[in-house]
Amino acid sequence: MSSTIVDSAAEFDVRDYLRKEMMPHFLCPGCGHGIALRALLWAVHELGMDKDKLAVVSGIGCAGRLSAYIDANTFHVTHGRPLAYATGLALARPDLHVVVITGDGDCLAIGGNHLIHACRRNLKLTCLMLNNEVYGMTGGQVSPTTSETRLTTTTPLGNSEPNFDACALAAAAGASFVGREVTHHVPKLKELIRAGLAHPGFAFVEVLSDCTEIFGRKNELGSSAEMVLRQKSELRPSAYRDTVNTPFRSNDLPTGVLSKRDRPEYGAAYRKAAAAQRADAAAKDGARTGKGEF
Amino acid sequence: MSRPNASNSSAVSEELRPTAAAAKAREPMNVLIVGVGGQGVIMVSKALASLAQSKGFEVKQSEVHGMAKRGGTVFSHVRFGPQVWSPTIPKGEADILVALEWAEGLRWLAYLKPDSGIFICDTKRIVPPFACLNRRPGAPLRYSRETPAEVREHVAQAYAIDATRMAEELGNERAANVVLIGALSTALDFPAEDWEKSLAQFVPKKTIAVNLDAFRLGRSWIAEARTRVIEAEAPATRIPVPAESPYSVRLEITQEWCKSCDICVKLCPERCLRLNAERIVELAQPDKCTGCRLCELLCPDFAIRVHLDRVAARGAPA
Chain V
36 MSSTIVDSAA
46 EFDVRDYLRK
56 EMMPHFLCPG
66 CGHGIALRAL
76 LWAVHELGMD
86 KDKLAVVSGI
96 GCAGRLSAYI
106 DANTFHVTHG
116 RPLAYATGLA
126 LARPDLHVVV
136 ITGDGDCLAI
146 GGNHLIHACR
156 RNLKLTCLML
166 NNEVYGMTGG
176 QVSPTTSETR
186 LTTTTPLGNS
196 EPNFDACALA
206 AAAGASFVGR
216 EVTHHVPKLK
226 ELIRAGLAHP
236 GFAFVEVLSD
246 CTEIFGRKNE
256 LGSSAEMVLR
266 QKSELRPSAY
276 RDTVNTPFRS
286 NDLPTGVLSK
296 RDRPEYGAAY
306 RKAAAAQRAD
316 AAAKDGARTG
326 KGEF
Chain D
5 MSRPNASNSS
15 AVSEELRPTA
25 AAAKAREPMN
35 VLIVGVGGQG
45 VIMVSKALAS
55 LAQSKGFEVK
65 QSEVHGMAKR
75 GGTVFSHVRF
85 GPQVWSPTIP
95 KGEADILVAL
105 EWAEGLRWLA
115 YLKPDSGIFI
125 CDTKRIVPPF
135 ACLNRRPGAP
145 LRYSRETPAE
155 VREHVAQAYA
165 IDATRMAEEL
175 GNERAANVVL
185 IGALSTALDF
195 PAEDWEKSLA
205 QFVPKKTIAV
215 NLDAFRLGRS
225 WIAEARTRVI
235 EAEAPATRIP
245 VPAESPYSVR
255 LEITQEWCKS
265 CDICVKLCPE
275 RCLRLNAERI
285 VELAQPDKCT
295 GCRLCELLCP
305 DFAIRVHLDR
315 VAARGAPA
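Encoded structure:
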């Protein structure tokens, strides 16, 4: 990579961080994932990260596809397992900044177990969950975060399952940094991701994104611009929820940094234990060989 | 709510300013203090209310400052007299209107008694963001264009004081409200030393000296203004408007990446973008674009890049 060094003091240009030969990306017109990708790259730029030291792991789905467009070390892995691959990567290469990009279905349904255990271990990596309430790539099936009464191809009468609050789940499972933001507020989203990237532990960031072509069309949510604007007019503040007849999201979803705790980081603890064990074994070895000589 | 009728208004024209003696009569004295959040409207009304209370008057004070923490409209009604029932002053019933900001003063002018009200106003301009015609630095502002002379024609007694500059010259711009208290004190019959005592309670300890100076300055300014008309500068000329913006805006649009999602077109605050015949975004009104970058930030396809090119300062060597 010839252009690994980007001057972090220079003004941010997202194209410095993209694989331009892959562009334009495959996302539908108006998809919020593109905005979230910009926010991530902007945060990376502001932190002055070397692109060679950035490792992006992603699963399957529209969100999972994003890693292909980032000019860094990227790893596109099996469905639901990006956190598992990332755990191995972060343990083996503590010098890398490991970022996981995952979707709501990828992270909460197929990879639900990986999420809670990654949160529990508190390994230093950043998990960016792009929540668009639907499985967009496979045609719009219901996902764990689909709001109640919403139409999807598998809930033609409206979704009747209660949905997941991913941030509450991550915080309960032990993630030491949990935050949420909408794509409408790009600078705030950038700040949140930046805080997550700088956090010395497991950072879980949920991005409320729009699926315009599949979810928006099915539920008649209007144009891309209307969907972006609705994030502001109908989602927040949560206190207004009761007055809105058709809330965009069924839950009260607060945004910002929701939980930040000081917990021991797994990678450091693991390396310490491993080093202690190695020293122990070496001492035993030394004692045994010493005995033999005697 | 009886008001002196037209026939005897000529008799009182010599002594227009209401006195504490007048307040002792049945009608309470109504003082309305208005301004912008952060200027010290509440402090002025507190000093007045506490002084009136110490003189044995019944005082009612009512203010709205909630959302105005900084930059919003703030007003405070102070009523005092032998007996005060309502805490608010009805329209057209204020004896004195003290405004800490020019446009706020004009906003509340209708509350002043039409035939005998005293209007004391700072010519300071605080332009709210929504009064900016566009967001380019130095753009024309939608702000009241009335000059002090024009306002004086409609008010029984009006004083337009450049209190902020006077306070600045004393060394503390924030004492502007106390300059206006000084001006207000001449319209009420409380002794100056009692005013100073009341003031000292409400200003920070370190700034008592400068505030007392400001108070005396305000008083002497009014005394001078009574003897001759001081032509206050029209407020519109006070703020220098830069002739041109310090940068020029250029939009770089990667047409092959645009997917016609229309987000930038609909969310542009200046509505200066559009989709062309091929449904590709283009800058339709380049002169309206302020370079706010919203289109760049919200473009999911990275098709827009906003460049703010610095323009060399005028007069600088080429």
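First to last, the protein sequences are chains V and D.
Each residue of the first sequence is one higher than the one before, starting from 36 at the first, in the numbering used here.
Each residue of the second sequence is one higher than the one before, starting from 5 at the first, in the numbering used here.
Yeah, the Cβ is synthetic: ideal placement off N, Cα and C, and Gly gets one too.
Where does residue i sit, in a helix, a strand or coil, going by DSSP?
i	result
E157 (chain D)	coil
N215 (chain D)	helix
C125 (chain D)	strand
N166 (chain V)	strand
A274 (chain V)	Note that A274 (chain V) scores 41 on pLDDT, short of 50, meaning its location in the model is unreliable and no value can be drawn from it.
Q176 (chain V)	strand
G99 (chain V)	helix
Q205 (chain D)	helix
E196 (chain V)	coil
P282 (chain V)	Residue placement at P282 (chain V) is poorly supported in this model, since its pLDDT is 42, which falls under 50; the coordinates still yield a value, given next. Residue state, collapsed to three classes: coil.
Q65 (chain D)	strand
T324 (chain V)	helix
A98 (chain D)	strand
R314 (chain D)	strand
D119 (chain D)	coil
N181 (chain D)	helix
Y147 (chain D)	coil
L82 (chain V)	coil
T247 (chain V)	helix
H111 (chain V)	strand
A127 (chain V)	helix
L53 (chain V)	strand
Give the straight-line distance between the Cα atoms of residue i and residue j, rounded to the nearest whole angstrom.
i	j	result
V38 (chain D)	F123 (chain D)	11 Å
H111 (chain V)	S93 (chain V)	5 Å
A98 (chain D)	E108 (chain D)	15 Å
K225 (chain V)	E248 (chain V)	25 Å
Q176 (chain V)	A107 (chain V)	31 Å
V48 (chain D)	K267 (chain V)	39 Å
A240 (chain D)	R149 (chain D)	With a pLDDT of only 47 at A240 (chain D), under 50, the local geometry of the prediction cannot be trusted, and the value read off the model is given with reservation. The alpha-carbon atoms of A240 (chain D) and R149 (chain D) are separated by roughly 7 Å.
I243 (chain D)	R309 (chain D)	With a pLDDT of only 48 at I243 (chain D), under 50, the local geometry of the prediction cannot be trusted, and no value is derived from it.
A314 (chain V)	A308 (chain V)	10 Å
Y52 (chain V)	E81 (chain V)	12 Å
P129 (chain V)	K223 (chain V)	28 Å
S264 (chain D)	V285 (chain D)	7 Å
I136 (chain V)	L165 (chain V)	7 Å
L287 (chain D)	L101 (chain V)	28 Å
I95 (chain V)	F212 (chain V)	24 Å
V245 (chain D)	I130 (chain D)	With a pLDDT of 48 at V245 (chain D), under the threshold of 50, the modelled position of this residue cannot be trusted; read the value that follows with caution. The straight-line gap from Cα to Cα measures roughly 14 Å.
F61 (chain V)	D141 (chain V)	18 Å
P299 (chain V)	H234 (chain V)	12 Å
D48 (chain V)	C299 (chain D)	14 Å
F306 (chain D)	N194 (chain V)	34 Å
A144 (chain V)	A125 (chain V)	23 Å
N12 (chain D)	G175 (chain D)	Only weak support is given to the placement of N12 (chain D): the predicted model assigns it a pLDDT of 43, under 50, and the value that follows is read from those uncertain coordinates. Approximately 46 Å, taken between the alpha carbons.
Rounded to the nearest angstrom, how far is the Cβ of residue i from that of residue j, given a contact under 8 Å?
i	j	result
T77 (chain D)	W106 (chain D)	Between W106 (chain D) and T77 (chain D) the Cβ distance is about 13 Å, and since that is not below 8 Å, they are no contact.
V240 (chain V)	G231 (chain V)	5 Å
G85 (chain D)	E67 (chain D)	At roughly 19 Å, the Cβ-Cβ gap does not stay under 8 Å, so G85 (chain D) and E67 (chain D) are not in contact.
L255 (chain D)	C293 (chain D)	7 Å
D200 (chain V)	E168 (chain V)	D200 (chain V) to E168 (chain V), Cβ: 13 Å. No contact.
What residues of chain V sit near residue i, judged by a beta carbon separation below 9 Å?
i	result
E260 (chain D)	M58, P59
R309 (chain D)	D48, V49, R50
Find the residues of chain V that neighbour residue i, judging by a C-beta separation of less than 8 Å, and give them in chain order.
i	result
I267 (chain D)	G65, S259, A260, V263
L271 (chain D)	A260, V263, L264
N301 (chain D)	The sequence shown places Leu at residue 301 (chain D), rather than the Asn named in the question. Going along chain V in sequence order, the residues near L301 (chain D) (Cβ under 8 Å) are I70, R73, V221, P222.
In terms of DSSP beta bridges, what is residue i paired with?
i	result
K295 (chain V)	V:F212
M33 (chain D)	D:F84
I257 (chain D)	D:I308
L279 (chain D)	D:V285
A164 (chain D)	D:C125
G138 (chain V)	V:L165
H22 (chain V)	An answer regarding residue 22 (chain V) cannot be provided, because it is not within the stretch 36 to 329 covered by chain V.
Using a cut-off of 9 Å between C-beta atoms, extract the partners of residue i located in chain D.
i	result
R298 (chain V)	Here the premise fails: no neighbours, minimum Cβ distance about 34 Å.
H68 (chain V)	P304
V217 (chain V)	Those do not exist, as V217 (chain V) stays about 11 Å from chain D at its closest Cβ, beyond 9 Å.
If the cut is a Cβ gap below 7 Å, which residues of chain D does residue i touch?
i	result
L62 (chain V)	P304
Can you list the residues of chain D that residue i reaches, using a CB-CB cut of under 8 Å?
i	result
I249 (chain V)	Ordered by position in chain D, no residue passes the 8 Å Cβ test against I249 (chain V), which lies about 14 Å from the chain.
G96 (chain V)	What G96 (chain V) touches in chain D: nothing, since even the nearest Cβ is about 16 Å away.
Identify the contact partners of residue i in chain V, using a Cβ-Cβ distance below 7 Å as the criterion.
i	result
S264 (chain D)	P64
For residue i, go through chain B and note every residue whose CB falls closer than 8 Å to its CB, in chain order.
i	result
L53 (chain V)	Structure shown: chain B not included; protein chains present are V and D.
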